[in-house]
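Colleague: If you read the protein sequences in the order shown, they are chains G and D.
Here our numbering is used: the first sequence runs in plain steps of one and ends on residue 279.
Here our numbering is used: the second sequence runs in plain steps of one and ends on residue 533.
The beta carbon of each residue, even a glycine, is placed where N, CA and C say it ideally should be.
Owing to the predicted nature of the structure, the values given are computational and were not obtained by experimental measurement.
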Amino acid sequence: MSNPESSLSAPFPPQQPDAVPDPDTALAIRGLAKRFGEKIAVNGISLDVPAGSFYGLVGPNGAGKTTAMSMATGLLRPDHGQVWIHGTDVWSEPLIAKRRMGVLADGVRLFDRLTGEQLVTYSGLLRGLDRDTVAERTADLLRVMDLTGDAGKLVVDYSAGMTKKVALASAMIHAPKVLVLDEPFEAVDPVSAANIRDILAQFVQSGGTVIVSSHVMDLVQRMCDHVAIIAQGNLLAAGTVDEVRDGQSLEDRFVDLVGGRSTGEGLSWLRT
Amino acid sequence: MVAHLIRMKLAITVNGWKKSTGQLVLAILLMAYLAFVLVMLGVGASFMPELETDARGAILTLVGAVAVLGWIIIPVFFTGVDLTLDPANFATFGVPSRQLVLGLAMAGLATIPGAATLIGFLLSTLAWRDQAGAMLLAVPTTILGAVFCICMSYAVTGLLAGITGQRRIREIMSIVAFIPLMLAGVILTGIVESVEAALEQLPGLAAIIAWTPLGSFTGAPWALAEGRLLEAAAQAVLCLVWVAGALWLWQLAVNRSYAQVRGSGPASSKTKAGVGLLGVFPGTPAGAIAARSLIYWLKDPRYSASLVVLPLLLVLFWFLGYQSGEYVMILLMGPITGFMLGYSISADISYDGSAFAQHVTAGVSGRDDRVGRIGSLLAWGIPVTLLFTVATVWMAGQWWLLPGLIGLGIGALLTGAGVSALVSARFIYPVPPPGASPFATPEGGGMRMMLISLGAMVVVGALCLPSLILYVVALATGTLLLMWITLVVGLGLGVFLLWLGIRLGAKWFDRSQADTYQSVLAATG
């Protein structure tokens, strides 16, 4: 812990609660909080995700990443706080806000009695796209996800990685401005992961915004330009990757901030 | 190892009670009920020495056989086995399967049904309290009987799980297996007539059963009591053989599930090109939802299972008509079909499970969601209800009833759909998860589910009352005009209630989408 406490630990001055943020901010969060019984899952988080950024959200297990993302995407009603997508409040104008968002929720089922092609088509039609556009984009998405060969298989028979990919395709078909992806690379093979990374990078280059949560620091450091570190429901640091990591590797910085590393007194009997 | 497993089983049970008061209350009710049954059994058994040895032995053997059969059949078709201690979970510990099976068997005796079976078997030995020798033999053989019950239930379900591992086969089986049970009533009627004759056969039957795994455990003491020493010895040895056999079968099942953990085999489902029904319905959100619902009606056994009862009722009513020569009951078919179909989608969002997230994140409007789900039901529900109505009227040869019955049937369908549109927008209850046996009971929430579905059924029934009263009056007075009025009122009221249900349900859906989704998560995970 030789590193001096940087100012990044408290990145946001108190804000006017009712001030509608700049529509150029892709995702703006103010004072977001959620409590489950005794446990405070998210403890008043404020965060700005600039448009066109590739934003990583990292934190240990149970830090509140999924809870925060659920509240930002309209899946979980927050106890306190507000969320805007390009200036539209998610909870007071959900239909407009959701149109701009593509969401990959972690650990939810899909309508898995549909084939892969049917599922992506379903997602497109749900979003109100016309049939021709849906057909064209479905074919494109299945191709880049390397699922064309399995397009006619039921999703329930897909492997974990294929399921992730088809869910991602479903989240992207309506060409959203903001992609919110919870653990998008979990269980995905390296080749597909690289392909997905390319797609996301292209999406960001063309002006889109991507928010991903992940456990893999290395991946976030390489892939993202911004990062926020969450632990125990609090935002510990946020900013560009270079600002946050402050000369160290992101992983070391993360461990510094979050703590919890044991001090080398290992398992003395665990030898061969 | 054995002690570990028993302690773990108890800890899991107690933790379940701590987590949910509902489960604790249910467990207490179940225990109270079983205690009552066991007391009655004990009292009954202790009075049995009044009976002749022959009758006593026959009764005990048959009751024992029913208990063993119950342990084999009920888990397969109804409850499934309690897999809190699934052998597959122990695969990575490298416990030898023989030791594991022994431990699991003992842990099985430490469950509520297991303990009740053991106590019940032991109480049955009271029937021999006037014959010390028979009672002394009965104690070990009945204990073996209880162990056999538990081992067989796990062995049979375990082996069947191996065979039915493929999703499709399991789904079909779970429905097909239900059919004979539904028809049990019809079959029983046939049997009852010959019951008197059967009663005389029972002692002979029991004597044969005593040589099978079903009867040896209670049959051996009977043979001893009658002084058939050699037979008693042979049957006692058979008890050991049966238990050893059951253990071996179970071990076989465990070994298979060990092997399956390493790779649950790629299910080779046929691939299908194109988007199927999604290309047939209108290319709108509501159209897509309707197409998806219809695909689920065809592919998800939880939907189709709710309708197995319809053809069976048809057979039952036809059978009743065939016996009495008057096809009266069968005329109920149309209205019952409409009623059941309309009501059948009241748990639609619960069936989605967390897949419902897709509707929430896509910002589907309540109107599209309601219209889509109900549209898919009506698309085939109306023709089916009409078909059943016309076919049954034709069977009964009472054509003048047709307008009234159509008014009742379609009216009930539309009314039920309207109530479902409202109820399913917000009320979520635990349902079996996708891929589970549609007849499995989901954990917890049984009471809540019963209350909601009962309440909804009563409401649908009450809303159908105007057309029902009209129909009854028309029937009683024989007025054809009233039949036509029933048709108009049934359809008119149904359409209005459907419109109202969709409208209110859509509003409710829009307002509480996220909360509904969280309820679904909590209920189905």
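#1: If you measure between the beta carbons of residue 48 of chain G and residue 74 of chain G, is that distance less than 7 Å?
#2: For residue 13 of chain D and residue 82 of chain D, I'd like the C-alpha separation in whole angstroms.
#3: What residues in the region 361 to 394 of chain D have a beta carbon less than 9 Å from any beta carbon of chain G?
#4: Tell me which residues of the region 178 to 212 of chain G have at least one Cβ-Cβ distance to chain D shorter than 7 Å, keeping chain order.
#5: Mind listing the chain G neighbours of residue 59 of chain D? Cutoff is C-beta to C-beta under 9 Å, in chain order.
#6: Closer than 9 Å, Cβ to any Cβ of chain D: which residues of the region 83 to 109 of chain G, in chain order?
#7: Under 8 Å, with one C-beta from each stretch per pair, do the region 402 to 420 of chain D and the region 484 to 494 of chain D reach the 3-pair mark?
#8: Between which two residues does the alpha helix (DSSP H) harbouring residue 26 of chain D extend?
#9: Can you give me the C-alpha to C-alpha distance between residue 403 of chain D and residue 346 of chain D, rounded to a whole angstrom?
#10: If distances are taken between C-alpha atoms only, which option among G:41, G:40, G:56 and G:52 comes closest to residue 30 of chain G?
#11: Kindly list, in the order they appear in chain G, the residues whose Cβ is closer than 7 Å to that of residue 106 of chain D.
#12: Flag residue 42 of chain G as yes if its beta-carbon sits less than 7 Å from any beta-carbon of chain D, otherwise no.
#13: Check each candidate in G:177, G:97 and G:196 and name the one with the smallest Cα separation from residue 122 of chain G.
#14: Suppose the cutoff is 6 Å on Cβ atoms and the five residues either side in sequence are ignored; what does the same chain contact list for residue 109 of chain G look like?
#15: Specify, as a first and last residue, the run of the alpha helix (DSSP H) that residue 72 of chain G falls within.
#16: Which residue wins for smallest C-alpha separation from residue 32 of chain D, given the options D:513, D:21 and D:384?
#17: I'd like the ranges of any alpha helix (DSSP H) spanning at least 4 consecutive residues and lying wholly in the region 283 to 331 of chain D.
#18: Would you say residue 222 of chain D and residue 73 of chain D are within 7 Å of each other, going by their C-beta atoms?
#19: Out of curiosity, what's the CA-to-CA distance linking residue 516 of chain D and residue 40 of chain G?
#20: Quick one: what's residue 89 of chain G bridged to in DSSP?
#21: What residues from chain G crowd round residue 291 of chain D, counting only those whose CB sits closer than 8 Å?
#22: Report yes or no: do the region 166 to 177 of chain G and the region 83 to 96 of chain G share at least 3 C-beta pairs separated by less than 8 Å?
#23: Give every residue of the same chain whose Cβ lies closer than 6 Å to the Cβ of residue 112 of chain G, excluding the five residues on either side of it in the sequence, and list them in chain order.
#24: Figure out for me which residue from G:60, G:96 and G:69 has the closest Cα to the Cα of residue 36 of chain G.
#25: Within 7 Å (strictly less), CB to CB, does residue 434 of chain D reach chain G?
#26: Apply the 10 Å Cβ neighbour rule to residue 197 of chain G and answer buried if 16 or more other Cβ atoms are within range, or exposed otherwise.
#27: Exposed or buried, what is residue 140 of chain D when buried is set at 16 or more other beta-carbons lying within 10 Å of its beta-carbon?
#28: Answer yes or no: do residue 350 of chain D and residue 464 of chain D have a C-beta to C-beta separation smaller than 7 Å?
#29: Just checking residue 266 of chain G against the ligand PLP - is the residue's beta carbon closer than 6 Å to any of the ligand's heavy atoms?
#30: Tell me which residues share the same chain as residue 374 of chain D and place their Cβ nearer than 6 Å to its Cβ, disregarding the 5 neighbours each side in the sequence.
#31: For residue 108 of chain G, write down the residues that DSSP places opposite it in a beta bridge.
#32: In chain order, what residues of the same chain have a beta carbon less than 8 Å from the beta carbon of residue 271 of chain D, not counting five sequence neighbours either side?
#33: In three-state DSSP terms, what is residue 55 of chain G?
#34: Please report how far the alpha carbon of residue 244 of chain D lies from the alpha carbon of residue 428 of chain D, in whole angstroms.
#35: Is the number of C-beta pairs between the region 370 to 384 of chain D and the region 291 to 298 of chain D that are closer than 8 Å three or more?
#36: For the beta strand (DSSP E) containing residue 234 of chain G, name the first residue and the last one.
Modeller: Reading off the structure:
#1: yes
#2: 24 Å
#3: 361, 362, 363, 364, 365, 366, 367, 368, 369, 370, 371, 372, 373 and 376
#4: none
#5: Simply none; closest approach about 57 Å.
#6: For the region 83 to 109 of chain G, the residues whose beta carbon sits under 9 Å from a beta carbon of chain D are, in order, 83, 84, 98, 101, 102, 103, 104, 105, 106, 108 and 109.
#7: yes
#8: 10 to 27
#9: 19 Å
#10: G:56
#11: Neighbours of residue 106 of chain D on chain G: none; closest Cβ ~29 Å, over 7 Å.
#12: Answer no: the Cβ-Cβ gap between residue 42 of chain G and chain D never drops below 7 Å.
#13: Nearest option by C-alpha distance: G:177.
#14: 178, 179, 183 and 186
#15: 72 to 79
#16: D:21
#17: 293 to 307 and 309 to 313
#18: Yes, they are a contact pair.
#19: About 25 Å.
#20: The partner list for residue 89 of chain G (beta bridge, DSSP) reads G:37.
#21: Here the neighbours are 132, 137, 138 and 141.
#22: no
#23: 189
#24: The candidate whose alpha carbon is nearest that of residue 36 of chain G is G:96.
#25: no
#26: exposed
#27: exposed
#28: no
#29: This structure lacks the ligand PLP, and indeed carries no ligand of any kind.
#30: 514, 517 and 518
#31: G:185
#32: Low confidence applies to residue 271 of chain D: its pLDDT is 42, below 50, so where it sits in the model is not reliable, and the reading given next is rough at best. Nothing listed; no residue qualifies.
#33: strand
#34: 58 Å
#35: yes
#36: Looking at the DSSP string, the run of the beta strand (DSSP E) that includes residue 234 of chain G is 233 to 238.
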